[in-house]
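Residue numbers (our numbering): 516 to 885.
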């Protein structure tokens, strides 16, 4: 059955055994209720049978949709859906490497995928492609250090970088050649892909569209509304492995955030592993990455003791098998994901590849975290 997130409208698959579903795009938790005849309550979905109540509700929703469409039409605006096949990211720190988004190099599916990111090295900006298997830098080009990247987007063919000088540049993803640069009226704010077009807003409230079919930039003449804007690729706090679901949950306890990993088979809880992390200064996630038969690894951002953790958990027993710890005031774990072979972590602006079974570092690209 199809579930539509109550917060962002993203379409998610649900089972009859599900009680809650966490949106993989915006992170919101949605409660699901089923009636005795298996109709879904509080969600938008499809059913093979209809009752009088469901028919009334259906026609009411259709009427509401028609009225809403007329209202939007009168306001000369449109609602756009985004495409799930893209990876998104923004730059939080001018002097740290960011990105690390997986792109398929058509070699053993995702086993040897290529990671892509921006690196600021020796006060210079580099756009580079890194081999996800070996950590080898395959390609790299320098970007003027006075034009610091502020936004980074990758689609199936192009890399789009919005820079500090109010320009946005389009690069070929295969050879990193710069195709075109456009001048904007202000810095880029919101952005998303839809129908092979990049829609974005600048801080002066102007709307812009880049049409990749002819690489044309134009100022939008109508207002558009973000209906289903996905979050970053790595922000997932629930994964399914067969009929078992693993979730990271956060609870407030005496004004502190306490995190646990919970394994469920249907409604039955198999195990609950408290992590014991409290006094979280900054948390962006959390993230679970499925990696192998027995291990789930997930990232802990930095706490008040300035320690960072990558933790491997036995999926069957619910116990911690290993911890990879990084210490130091500025040694922070920003993002990480599983590329089918290694756990790739962006730590303090450098990429680290960990063996998901042991936590052993296989390769590292960038400055050593002190």
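For every residue, glycine included, the Cβ atom is placed at its ideal position computed from N, Cα and C.
Which class does residue 876 belong to by DSSP, given the choice of helix, strand or coil? strand
Could you pull the DSSP bridge partners for residue 869 from this structure? 858 and 876
Considering only the alpha carbon of each residue, which of 755, 699 and 544 lies closest to residue 719? 699
Taking 7 Å as the threshold (C-beta atoms), are residue 766 and residue 773 in contact? yes
Measure the alpha-carbon distance for residue 544 versus residue 786 and round it to whole angstroms. 20 Å
Residue from 657, 703, 690 and 781 with nearest C-alpha to residue 678: 703
Between which two residues does the beta strand (DSSP E) carrying residue 689 extend? Unbroken run through residue 689: none, as it is neither H nor E.
May I ask which residues mark the beginning and end of the beta strand (DSSP E) holding residue 787? 783-789
Based on the DSSP output, what are the partners of residue 779 in its beta bridges? 760 and 784
So which of 872, 712, 729 and 528 has the shortest CA-CA distance to residue 827? 872
Could you compute how far the alpha carbon of residue 472 sits from the alpha carbon of residue 673? Coverage of the chain is limited to positions 516 through 885, which leaves residue 472 absent and any answer about it impossible.
Residue range of the beta strand (DSSP E) that includes residue 538: No beta strand (DSSP E) holds residue 538; DSSP gives it neither H nor E.
Can you tell me the Cα-Cα spacing of residue 763 and residue 839, whole angstroms? 18 Å
Count the other CB atoms within 10 Å of the CB of residue 811; is the residue buried (16 or more) or exposed (fewer)? buried
Cα-Cα, which of 775, 535, 788 and 781 is closest to residue 757? 781
Go ahead and pull the three-state DSSP assignment for residue 642. strand
6 Å CB neighbourhood of residue 695 in its chain, flanking five on each side removed: 685 and 730
Among 722, 649 and 529, which one has its Cα closest to the Cα of residue 866? 649
Separation of residue 858 from residue 868, as counted between CA atoms: 6 Å
Local conformation of residue 520 per DSSP, three classes: coil
Output the distance between the C-alpha atoms of residue 856 and residue 876, rounded to the nearest integer angstrom. 12 Å
So who's on the other strand from residue 545, going by DSSP bridges? 536
Could you check if residue 870 is buried or exposed, using at least 16 other CB atoms within 10 Å of its CB as the buried criterion? buried
Determine, using beta carbons only, whether residue 713 and residue 642 come nearer to each other than 7 Å. no
Just the Cα atoms here: how many angstroms apart are residue 655 and residue 715? 27 Å
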